[in-house]
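Count along the sequence shown from 1, add 3, and you get the number used in our numbering.
Each remark here refers to the structure printed beneath this line.
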Amino acid sequence: MTVFKTFWKVVKKYKGTIILYAVMLVVFGAINMAAGNNDSQYTDSKPGVFIANGDEGSPLADNLVAYLEKNCEIADIKGDEESIDDAVFYRDVNYVIYIPDGYGNGVMAGENPALEVKSAGDYRGGLAEMMVQRYVRVQNVYAANLKTEEAVAEAVNANLSHSCLLYTSPSPR
4 MTVFKTFWKV VKKYKGTIIL YAVMLVVFGA INMAAGNNDS QYTDSKPGVF IANGDEGSPL
64 ADNLVAYLEK NCEIADIKGD EESIDDAVFY RDVNYVIYIP DGYGNGVMAG ENPALEVKSA
124 GDYRGGLAEM MVQRYVRVQN VYAANLKTEE AVAEAVNANL SHSCLLYTSP SPR
């Protein structure tokens with residue numbers, strides 16, 4: 004009981020200070036709630052990509068470019084290496100893809116030609132990389148089973164247009 008009486012003596016002595024702090028807490032809390040950012044809408048973020056297509060005219064290379072144009076922001080920069088490196092450094096582009104000459108023929112032959120890439124190393128560069136990897140995986144499956152580049156391009160477009168997820172994780176083993 005002694006502790007309780009002492010507590011009330013302290014409260015009575017510092018009543019003004021306690022009320023002042025309580026009022027300040029309520030006022031600052033109200034200001035914080037009123038000024039809070041209520042923007043909770045999703046905004047789509049597309050990576051900036053530069054494509055150096057060395058196999059123009061090939062249906063598979065052109066289809067890859069069209070897929071990336073649909074899902075990414077295509078950057079318009081000069082094609083020399085210094086400009087490309089500067090654009091990656093200054094984050095004007097997040098991902099650079101070099102499609103080699105003979106890409107379509109290599110895919111149809113089952114060689115799986117390598118796409119050279121440069122990335123800024125940020126999350127948008129990773130997003131672009133996932134898009135390219137997903138496209139190439141689907142393309143390779145259809146290339147093994149279909150005879151022409153046009154048929155592969157149509158099948159890839161049909162497959163990727165129906166999917167609502169950008170990347171699906173592999174199923175557990």
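Glycine included, each C-beta is placed from N, C-alpha and C at the ideal position.
- As DSSP reads the structure, residue 64 sits in no beta bridge.
- Looking at the backbone, the Cα of residue 130 and that of residue 64 are separated by about 20 Å.
- Rounded to whole angstroms, the gap between the alpha carbons of residue 119 and residue 100 is 6 Å.
- Residue 120 sits in a strand when the DSSP states are folded into three classes.
- The beta carbons of residue 122 and residue 128 sit about 4 Å from each other, so the pair counts as a contact at 8 Å.
- Judged by beta-carbon spacing, residue 156 lies beyond the 7 Å limit of residue 111, meaning their Cβ atoms are not closer than that value.
- Here residue 56 carries a strand assignment [DSSP, helix/strand/coil].
- Cβ neighbours of residue 141 within its own chain (closer than 6 Å, five residues either side excluded): 159 and 162.
- Counting only residues of its own chain and dropping the five nearest sequence neighbours on each side, residue 78 has a CB closer than 7 Å to the CB of 51, 52, 53, 90, 95 and 96.
- Secondary structure at residue 21: helix, using DSSP grouped into helix, strand and coil.
- Looking from the CA of residue 71, the closest CA among 5, 164 and 135 belongs to 135.
- Membership of residue 145 in any beta strand (DSSP E) is not indicated; the residue belongs instead to the alpha helix (DSSP H) covering 126-148.
- Cβ neighbours of residue 49 within its own chain (closer than 6 Å, five residues either side excluded): 75 and 76.
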